[in-house]
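A.B. asks: Mind looking over this structure? Questions follow.
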Amino acid sequence: MSLPRPVKYLLLLLLAFVAGTLYLRMLRDHDWGSSLLIALACAPFVVALWKFRDWYTARAQRAGRNWRASREERKRANGA
Numbered sequence: 001m002s003l004p005r006p007v008k009y010l011l012l013l014l015l016a017f018v019a020g021t022l023y024l025r026m027l028r029d030h031d032w033g034s035s036l037l038i039a040l041a042c043a044p045f046v047v048a049l050w051k052f053r054d055w056y057t058a059r060a061q062r063a064g065r066n067w068r069a070s071r072e073e074r075k076r077a078n079g080a
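Right under this line is the structure:
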C-alpha cells in the first residue's frame with residue numbers, strides 16, 4: 001500500500017518534529033518549551049533537505065544513465 005504524497009510529507013514532518021524535540025529534551029538538556037520551538041522551526045528544513053537529497057540523487061542517476069547510453073552510441077558509431 002502506498003500513501004499519498006501529502007500524507008507522506010506530513011508523516012515525515014511529524015517524525016522530524018518528534019525526533020528533534022526528544023533529541024533536544026533528552027540529550028541536550030533543553031526545557032520542553034525551547035525544545036518544541038526549535039524542533040518546530042527545524043522540522044520543515046530537515047524534510048526539505050531530505051527531499052532535495054532524493055531529487056538530486058535521482059537527477060544524478062538519470063544523468064549517469066544518459067551518459068552511459070550516449071557513450072555506447074559513440075562506441076558503435078566509431079566502430080570500436
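All the letters of the sequence shown, read from the start, carry residue numbers 1 to 80 under my numbering.
All C-beta atoms in this analysis are idealised placements derived from N, C-alpha and C, irrespective of residue type, glycine included.
1) Nearest to L24 by CA position, among A58, L12, I38 and G79, is which residue?
2) Taking one C-beta from the stretch 33 to 50 and one from the stretch 12 to 23 each time, how about it: are there three or more such pairs within less than 8 angstroms?
3) Indicate the three-state DSSP secondary structure (helix, strand or coil) for S70 in the structure shown.
4) At what residues does the alpha helix (DSSP H) containing L10 begin and finish?
5) Report the residue from P4, S2 and Y9 whose alpha carbon sits nearest the alpha carbon of A43.
C.D. replies: So, from the data block:
1) For L24, the nearest C-alpha among the options comes from I38.
2) At 8 angstroms Cβ cutoff, the stretches touch.
3) The answer is helix: DSSP assigns S70 an H, G or I state.
4) If you look at L10, you'll find it in the alpha helix (DSSP H) that goes R5 to L22.
5) Comparing alpha carbon positions, the residue from P4, S2 and Y9 closest to A43 is Y9.
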